[in-house]
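> Residue numbers (our numbering): 76 to 233.
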């Protein structure tokens with residue numbers, strides 16, 4: 076038995092845990108959470124994003140169970156595992172959106188080129204996410220409200 080809960084993209088747009096690795100294409104990145112209890116993998120199999128997923132990053136646990144992914148499809152997706160209880164009462168999302176508790180809270184679509192890497196800032200700076208693109212841009216986003224991850228503002232664009 077693995078000591079880690081494996082988080083992977085599935086066709087349903089959610090994550091799986093404790094299943095054998097099932098990516099059908101190249102795995103590009105693997106990431107442990109802060110405590111080393113979870114591992115996330117991303118690949119070129121285009122099951123969640125519309126293109127290869129390059130990176131997945133966990134935010135500091137101070138912000139809850141937050142995960143971001145970036146992709147060749149020019150988007151960043153922000154997921155929250157704690158969102159199930161909050162969203163269930165005020166949303167009409169389908170049951171498949173809540174698979175294993177991970178909910179896509181927002182999709183950042185401001186980029187016109189592939190987003191090649193992302194990184195959360197140190198927790199003492201707030202919930203900020205830096206993203207770089209294949210066209211040479213660096214954008215730093217910040218969550219407007221760490222309790223509702225729906226809105227992110229671009230703080231800097233280099």
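Where a beta carbon is used, it is the ideal one built from N, C-alpha and C, also for glycine.
Values in this document were obtained by computation on a predicted structure and should not be read as measured data.
Our contact map puts residue 230 next to residue 181 with C-beta atoms below 8 Å; I'd like the distance itself, whole angstroms only.
Mapped onto the chain shown, residue 230 falls at position 155. Mapped onto the chain shown, residue 181 falls at position 106. About 16 Å separates the two Cβ atoms, so there is no contact after all.
> Would you kindly report the start and end of the unbroken beta strand (DSSP E) that includes residue 149?
One-based indexing of the chain shown puts residue 149 at position 74. Per DSSP, residue 149 belongs to no beta strand (DSSP E) and is neither H nor E.
> Please report how far the alpha carbon of residue 214 lies from the alpha carbon of residue 185, in whole angstroms.
The residue you call residue 214 lines up with position 139 of the chain shown. The residue you call residue 185 lines up with position 110 of the chain shown. Rounded to whole angstroms, residue 214 to residue 185 spans 10 Å at the Cα level.
> Secondary structure at residue 170, three-state DSSP: helix, strand or coil?
To locate residue 170, count along the chain shown from 1; it is residue 95. Residue placement at residue 170 cannot be trusted, given a pLDDT of 36 that sits under 50; what the coordinates show is reported in the next sentence. It is helical.
> Comparing alpha-carbon positions, which option in 208, 191, 218, 187 lies nearest residue 202?
The residue labelled residue 202 in the question sits at position 127 within the chain shown. Among 208, 191, 218, 187, the Cα nearest to that of residue 202 is on 218.
> Alpha carbon to alpha carbon, how far is residue 119 from residue 152?
Against the chain shown, residue 119 aligns to sequence position 44. Against the chain shown, residue 152 aligns to sequence position 77. Whole-angstrom Cα-Cα distance: 16 Å.
> Taking the Cβ atom as the reference point for each residue, do residue 131 and residue 115 lie within a distance shorter than 8 Å?
As a working note, residue 131 is residue 56 in the chain shown. As a working note, residue 115 is residue 40 in the chain shown. Yes, these two residues count as a Cβ contact at 8 Å.
> Grab me the residues of residue 198's own chain with a C-beta within less than 6 Å of its C-beta, minus the 5 sequence neighbours each way, in chain order.
The residue given as residue 198 occupies position 123 in the chain shown. Closer than 6 Å at the Cβ level, and outside the excluded window around residue 198, lie 135, 137.
> Using the Cα positions of residue 246 and residue 206, report the straight-line distance between them to the nearest angstrom.
Absent from the structure is residue 246, since the part of the chain shown begins at 76 and ends at 233.
> Identify, in the order they occur along the chain, each residue of the same chain with its Cβ nearer than 6 Å to the Cβ of residue 154, setting aside the five sequence neighbours on each side.
Residue numbering aside, residue 154 sits at position 79 when the chain shown is read from its first letter. Contacts found: 142, 177, 179.
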